[in-house]
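Here the structure comes first, spelled out in structure tokens, and everything after it is commentary.
In UniProt numbering, the protein residues as written are 1 to 285.
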């Protein structure tokens, strides 16, 4: 994964406020976007002795859910490039949880053919265009034959559906930031081809709208709060690049967020998310 000087993600503050933002965002995505699912493929049945890997585990929210529904014989690994947000969930009551520091582009050699399920969410700001291929090659390698990967990330291309709006300006800012760091902006357009190129089969892609704005009720208000906090967390790096000619200072940035929130409340802007499932073939092809 990209280094601290180059990553658009690791410049974010690693404090309690950021941990809370990550946990709140996970709850919103799970309940309001994925409709309560944290295993996306309902046909997937994990064996009693399954091994599961959570890539970019962060605060461990997904792991904390998984450990509640699987038997203690299922071992759950969580990895991240930094332990800063690792939760305090490794205890005598959760001896099947293993947290460790690794890059998703270079997993341990002895993990080959080890996992029944690999979960990866919201790494679109952390993995460069080229690293996505290496990341998914590593995922393929550590999956057991027949094992499954599930991915979840925003579809930033959906922002371009609203020309002339503040959200369109936000898209231009994010697109410029992603290009600056060689990140993959068009996740939905590219991910299936990358998975097929590596050898994955049974690729399923679903687009889900995230409720946002007061017209969507409590879930929409929560979505607006989550998105604003996410954008604010990127404000320092955006202003480092002079706002890409769109916002020049923090006051203009906040004014843009205020306008976005009005557009959300009016129902003129939204953001889609992409859920992806794919399987490593059970036999060599």
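Even for Gly, the Cβ is constructed at its ideal location relative to N, Cα and C.
Keep in mind it's a predicted model, so treat the numbers as computed, not measured.
- For residue 123 and residue 153, the gap between their C-alpha atoms comes out near 7 Å.
- Of the residues 51, 79, 100 and 61, the one whose Cα lies closest to the Cα of residue 114 is 51.
- The three-state reading of DSSP puts residue 105 in coil, since its state is none of H, G, I, E or B.
- A straight line joining the alpha-carbon of residue 250 with that of residue 168 spans about 19 Å.
- A straight-line Cα-Cα distance of about 8 Å links residue 74 and residue 67.
- The C-beta of residue 97 has 16 or more other C-beta atoms within 10 Å across all chains shown, which makes the residue buried.
- Taking a contact to require three or more Cβ pairs closer than 8 Å, the segment 211-230 and the segment 20-28 qualify as touching.
- Residue 180 and residue 241 do touch by the CB rule: their CB atoms are close to 6 Å apart, below 8 Å.
- In this structure, residue 132 keeps its C-beta atom at 7 Å or more from the C-beta atom of residue 196.
- Membership of residue 117 in the beta strand (DSSP E) is indicated by the continuous run 115-121.
- Excluding the 5 residues flanking it on each side, residue 136 has same chain C-beta neighbours closer than 7 Å at 194, 195 and 198, in chain order.
- Counting only residues of its own chain and dropping the five nearest sequence neighbours on each side, residue 111 has a CB closer than 7 Å to the CB of 142.
- Contact between residue 101 and residue 72 is ruled out by a C-beta separation of about 24 Å, above the 8 Å threshold.
- Between residue 159 and residue 170 the beta-carbon gap is near 6 Å, inside 8 Å, which marks them as a contact.
- Sixteen is the threshold: when 16 or more other Cβ atoms of the shown chains lie within 10 Å of the Cβ of residue 119, as they do, the residue is buried.
- Listed in chain order, the non-local C-beta contacts of residue 38 below 7 Å within the same chain comprise 30, 62, 65 and 66, local neighbours out to five positions each way being set aside.
- For residue 273, the secondary structure class from DSSP, reduced to helix, strand or coil, is strand.
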